[in-house]
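To start, the structure itself, in structure tokens.
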Amino acid sequence: MVPNHIIISLKGLPGTYALLAAKPEIGIVFVHGFFGDAHDTWIDFQRLVDKVKKSSSFWSKCDLYFYRYASDDQIVPQGKALISFLRRLVSSSLLPKSGHLSSVLPGGFRIESDFRPGRRKYRHLILVGHSTGAVIIRDVVLQELAFVQEKLVGRGKPRRLPVSRELKSLILDASVRFFAPAHLGAICSGKLAVALNAPISETLLLMLLRSKPLFHNIEQSSPILRHIESETAKMQKRFPKISALTAHSLFGSKDAIVNIGQYAHEPRADTEQGQSHTSVCKPNASYMKPLEFIFDAEP
Amino acid sequence: MPSHKSITTANLVFFYEERWRPQIVGFHNDLYHFGEASNEGIGGVSLLESLLWLLLGVNVGYFPVRESHQVLSEFAKVLRKAYITAEKNELISQFPQTVQRSIEAIIGRTPPVFPALPRQIAPNADVQSMFQSFLLLSNSFVNNRPANAVTRLLVAADDGQWKQIAEVLESSQRQTLGARLEAVAGATISTCVTGFVKLVEYLETFQGEWLRCAKFQENLKRHGFHAPLNWIKTIQRWRFDFSKESVSIRFLVLRNFVITTLLDSFSLVMNAMSEQEQTVFVKNYLLKNMDFLTAQWEGAPVDAGTSLLLSSNQTSFFSN
Chain P
1 MVPNHIIISL KGLPGTYALL AAKPEIGIVF VHGFFGDAHD TWIDFQRLVD KVKKSSSFWS
61 KCDLYFYRYA SDDQIVPQGK ALISFLRRLV SSSLLPKSGH LSSVLPGGFR IESDFRPGRR
121 KYRHLILVGH STGAVIIRDV VLQELAFVQE KLVGRGKPRR LPVSRELKSL ILDASVRFFA
181 PAHLGAICSG KLAVALNAPI SETLLLMLLR SKPLFHNIEQ SSPILRHIES ETAKMQKRFP
241 KISALTAHSL FGSKDAIVNI GQYAHEPRAD TEQGQSHTSV CKPNASYMKP LEFIFDAEP
Chain B
1 MPSHKSITTA NLVFFYEERW RPQIVGFHND LYHFGEASNE GIGGVSLLES LLWLLLGVNV
61 GYFPVRESHQ VLSEFAKVLR KAYITAEKNE LISQFPQTVQ RSIEAIIGRT PPVFPALPRQ
121 IAPNADVQSM FQSFLLLSNS FVNNRPANAV TRLLVAADDG QWKQIAEVLE SSQRQTLGAR
181 LEAVAGATIS TCVTGFVKLV EYLETFQGEW LRCAKFQENL KRHGFHAPLN WIKTIQRWRF
241 DFSKESVSIR FLVLRNFVIT TLLDSFSLVM NAMSEQEQTV FVKNYLLKNM DFLTAQWEGA
301 PVDAGTSLLL SSNQTSFFSN
């Protein structure tokens, strides 16, 4: 069996990579959480998307982008970097527009695949976030909404409020899927003993998180977290048809890092028995839920 | 659907950009900019590990043969230099004899040629995707700056370099809680803490993948992949060789430092736990799990009085 996807690194974005389909219709962007990265947070996605039989027709029309960022910074600068990435993605400027996929060795030899990434026009986007990656996606959706509104009514001179159907943007029309989102904050007062059954790196991560500036962004009482929640709720009330304002969330029942739950207007978050904060987004032969969770996002 | 040839060549382009070129650049930097023999050595051995990934990838049909040979030919001189520096710094012996022989067989010829692995492997998509999972995981680890710094510290730093770091850790340990938390943000301490946590995370994720693959041992045997699966571990063993006394001691000093520092930064929560609960947490959970992870590699570290760097109430966590 030949895989349906070709792996490609993205110039100028170290650590970010993509799995490209031959005839893509949907772009899926994966955003990891605190201390994660584009490789190990989503390990096995890249392997299983070409293996699952049940949803193979879905995955074969999807390009998968595994976005990487340095997770020491706070939410707002991370959001700015991600929106710039997404805009390049939707304007088809992330990949070389013409020519084959290639690298030139110092002696001049060209390693060249006959695969041409070309212009990739998507009819739909799916944004997938893990932990703090989910909060960054929330921020990006609000940024995009403000940008599109401004474009429509002009900066500083709102003639009238736009209606949902006028707000055209692939990002705003995206489906949003979160694994263990930190949108309701990190657990601050729980005993570490809760973590006794969790993977050891998860517990170390929880302890490390407290020593980083990002932690103050995802404390329950953090102003940025409260702002994102209230703005999302306000905008969703005003523009109920903007799909990116309503996320679906999946948590592990053994999550010892974030508070489990969803925003008031969203469908009730699902919980997977036996999964932890980090394992909830890692599919395997006996745990296919992460793949199904994204597969269900196709409109 | 893309052709097999376009996929394998794309795999090589990706490997070249994400792994090979950064390793070549890293080796050159070590060689010409810093001029420290120990850095040269680790840059060399790390590049040779990448060569072994390339060899394995060719053998499982993940990389194309002709283009991979071209990469070898172009970098033959650098690879020989890497071998010499790794040998000079006694790092080449970190590879088992069979692996050393494979490296010598590749770079000993002009132009260099990949030897076949002991057993012919039938190209198989499952095997190739499994190989890709491990390769991506490894790429992410070797390209992680703090993890890389900690590996260098464990494996290649000379006694003088290690002493300097140990002094920084020790003086931080004597400070008040507030000053210590500030120190976590400092460059050396921060690198040690985040690099160490990344290392543990890698060992844990690798082990999870390893166990998952081992469940399909029969299937792997059918495709001849059980040997390459062992190889994937073997070629990385030089990073995690806890049978070496210096590596073992340094690992334990770092481990104890990281645990106590993170416990301090988590002190509000820890205060909600009784002393007995804290001891159970550290001994029965953190240390036990770390011991398990390191035991999966060559010689687990044995704690023989490395509980220096600890305040008196914390010493009990690490004593037997």
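Chains as they are written, first to last, in this note's numbering: chain P, 1 to 299; chain B, 1 to 320. We put the beta carbon where it would ideally sit given N, CA and C, even for glycine.
Is G108/B helix, strand or coil when you go by DSSP? Taking the first residue of the second sequence as 1, we reach residue 108/B at position 108. In the structure shown, G108/B sits in coil (DSSP, three-state: anything other than H, G, I, E or B).
Hey, would you say the C-beta of T278/P is under 7 Å away from at least one heavy atom of the ligand PLP? By its list of ligands, the structure shown contains no ligand whatsoever, and the ligand PLP lies outside what it can speak to.
Taking the beta strand (DSSP E) that H130/P belongs to, which residues open and close that run? Against the first sequence, residue 130/P aligns to sequence position 130. In the DSSP assignment, H130/P falls within the unbroken beta strand (DSSP E) covering H124 to H130.
Along chain P, in chain order, which residues have C-beta atoms closer than 7 Å to that of N29/B? One-based indexing of the second sequence puts residue 29/B at position 29. None at all; the shortest Cβ gap to chain P is about 16 Å.
Are the C-beta atoms of N289/B and some chain P residue less than 8 Å apart? Walking along the second sequence from the start, residue 289/B turns up at place 289. Yes, its Cβ sits closer than 8 Å to a Cβ of chain P.
Is the CB-CB distance between A256/P and H277/P below 8 Å? Within the first sequence, residue 256/P is the residue found at index 256, counting from 1. Within the first sequence, residue 277/P is the residue found at index 277, counting from 1. Result yes, Cβ atoms of A256/P and H277/P sit closer than 8 Å.
Should P181/P be flagged as near chain B, meaning a C-beta pair shorter than 8 Å? On the first sequence, residue 181/P is found 181 positions in, with the first residue counted as 1. False, the Cβ-Cβ gap to chain B never drops below 8 Å.
Reduced DSSP category for G324/B - H, G, I as helix; E, B as strand; rest coil: In this structure chain B extends from 1 to 320, so residue 324/B is not present and cannot be described.
Since A22/P meets chain C, which of its residues come closer than 7 Å, beta carbon to beta carbon? The structure shown contains no chain C; the protein chains it does contain are P and B.
Distance cutoff 8 Å, beta carbons only. Does A10/B sit that close to anything in chain P? In the second sequence, the residue the question calls residue 10/B occupies position 10. Chain P places a beta carbon closer than 8 Å to that of A10/B, counting this residue as a contact.
Quick check: is the beta carbon of N4/P nearer than 8 Å to any beta carbon in chain B? Counting from 1 along the first sequence, the entry for residue 4/P is found at position 4. A Cβ of chain B is located within less than 8 Å of the beta carbon of N4/P.
Taking the C-alpha atoms as reference points, what is the distance between F376/P and E74/B? Outside the shown range of chain P (1 to 299) lies residue 376/P, about which nothing can therefore be said.
Give the secondary structure of L225/P by DSSP, where H, G and I count as helix, E and B as strand, and everything else as coil. Residue numbering aside, residue 225/P sits at position 225 when the first sequence is read from its first letter. Of the three classes helix, strand and coil, the one that applies to L225/P here is helix, per DSSP.
Kindly indicate if chain P contains any beta-carbon less than 8 Å away from that of E90/B. Counted from its first residue, the second sequence places residue 90/B at position 90. Not closer than 8 Å to any Cβ of chain P, the Cβ of E90/B fails to qualify, so no.
Sorted by chain position, which residues of the same chain lie with C-beta nearer than 6 Å to Q164/B's C-beta, five sequence neighbours on each side aside? Here the question's residue 164/B lines up with position 164 in the second sequence. Here the set comprises nothing.
Can you tell me where the alpha helix (DSSP H) with R116/P in it begins and where it stops? Position 116 of the first sequence, counting from 1, holds the residue named residue 116/P. Counted as a single uninterrupted DSSP element, the stretch harbouring R116/P is not any alpha helix (DSSP H), since DSSP gives it neither H nor E.
Answer yes or no: do V155/B and N148/B have a C-beta to C-beta separation smaller than 8 Å? Reading the second sequence from its first residue, position 155 is the one you call residue 155/B. Reading the second sequence from its first residue, position 148 is the one you call residue 148/B. No Cβ-Cβ contact shorter than 8 Å links V155/B with N148/B.
Name the DSSP bridge partner or partners of S9/P? One-based indexing of the first sequence puts residue 9/P at position 9. Residue pairing by DSSP places S9/P opposite Y17/P in a beta bridge.
First and last residue of the uninterrupted beta strand (DSSP E) at F95/B: Here residue 95/B is taken as the residue at index 95 of the second sequence, counted from 1. From DSSP, F95/B is part of no beta strand (DSSP E); its letter is neither H nor E.
So H69/B is in the alpha helix (DSSP H); what residue range does that whole segment cover? On the second sequence, position 69 is the one that residue 69/B refers to. Looking at the DSSP string, the run of the alpha helix (DSSP H) that includes H69/B is V65 to E74.
For the stretch 7-39 of chain P, list every residue whose C-beta sits within 8 Å of some C-beta in chain B, in sequence order. Result list: I7, I8, S9, P14, G15, Y17, A22, F35, D37, A38 and H39.
Which chain P residues sit within Cβ distance under 7 Å of E17/B? On the second sequence, position 17 is the one that residue 17/B refers to. S9 and S103, listed in chain order.
So P13/B contacts chain P; which residues on that side make the cut at Cβ distance below 9 Å? In the second sequence, counting from the first residue as 1, residue 13/B sits at position 13. The sequence given here places Val at residue 13/B; Pro does not occur at that position. Ordered by position in chain P, the residues that pass the 9 Å Cβ test against V13/B are I7, I8, S9, L101, S102, S103, I111, E112 and S113.
Measuring alpha carbon to alpha carbon, tell me which residue in K23/P, E231/P, K11/P and W42/P is nearest L291/P. Translated into the one-based positions of the first sequence, residue 291/P becomes position 291. Ranked by how close their Cα comes to the Cα of L291/P, the residues K23/P, E231/P, K11/P and W42/P have W42/P in first place.
Buried or exposed: where does T194/B fall if 16 or more other Cβ atoms within 10 Å of its Cβ makes it buried? Looking up residue 194/B in the second sequence gives position 194. T194/B comes out buried.
Between A125/B and chain P, is there a C-beta pair that is closer than 8 Å? One-based indexing of the second sequence puts residue 125/B at position 125. Yes, contact with chain P.
Do F85/P and H130/P have their beta-carbon atoms positioned less than 8 Å apart in this structure? Your numbering for residue 130/P matches position 130 in the first sequence. Your numbering for residue 85/P matches position 85 in the first sequence. Taking 8 Å as the Cβ cut-off, H130/P and F85/P do not qualify as a contacting pair.
Please decide whether R212/B counts as near chain P, where near means a Cβ-Cβ distance under 8 Å. In the second sequence, residue 212/B corresponds to position 212, counting from 1. Against chain P, the CB of R212/B has a partner CB under 8 Å away; the residue lies at that interface.
Please tell me whether S230/P has its Cβ less than 8 Å away from any Cβ of chain B. On the first sequence, residue 230/P is found 230 positions in, with the first residue counted as 1. So, not an interface residue.
Run through DSSP, which three-state label would L64/P get? Stepping through the first sequence from its first residue, residue 64/P is reached at position 64. When DSSP states are grouped into helix, strand and coil, L64/P belongs to the strand group.
Does any CB atom of chain P fall closer than 8 Å to the CB of E298/B? As a first step, residue 298/B must be located in the second sequence, where it is residue number 298. E298/B is outside the set of residues whose beta carbon lies under 8 Å from a beta carbon in chain P.
Just list the residues that DSSP pairs H248/P with in beta bridges. Numbered from 1 along the first sequence, position 248 holds the residue referred to as residue 248/P. As computed with DSSP, H248/P is found in a beta bridge with R177/P.
Are any of the Cβ atoms in chain P nearer than 8 Å to that of P118/B? Mapped onto the second sequence, residue 118/B falls at position 118. Residue confidence for P118/B is low, a pLDDT of 48 falling below 50, so the modelled location carries little weight; the figure read from the coordinates is stated next. Answer no: the Cβ-Cβ gap between P118/B and chain P never drops below 8 Å.
Closest by C-alpha distance to R66/B, when choosing among L293/B, K5/B, G26/B and K81/B: For the purposes of this step, residue 66/B is taken as residue 66 along the second sequence, with counting starting at 1. Restricting attention to L293/B, K5/B, G26/B and K81/B, the CA atom closest to the CA of R66/B is found in K5/B.
Do I249/B and V282/B count as a contact pair if the criterion is CB distance below 8 Å? Walking along the second sequence from the start, residue 282/B turns up at place 282. Walking along the second sequence from the start, residue 249/B turns up at place 249. For the 8 Å CB-CB criterion, V282/B and I249/B do not form a contact.
Close Cβ partners of I75/P (< 7 Å) along its chain, the five nearest in sequence each way excluded: Residue 75/P sits at position 75 when you count from the first residue of the first sequence. Correct list, in chain order: V135, I136, D139, N217 and I224.
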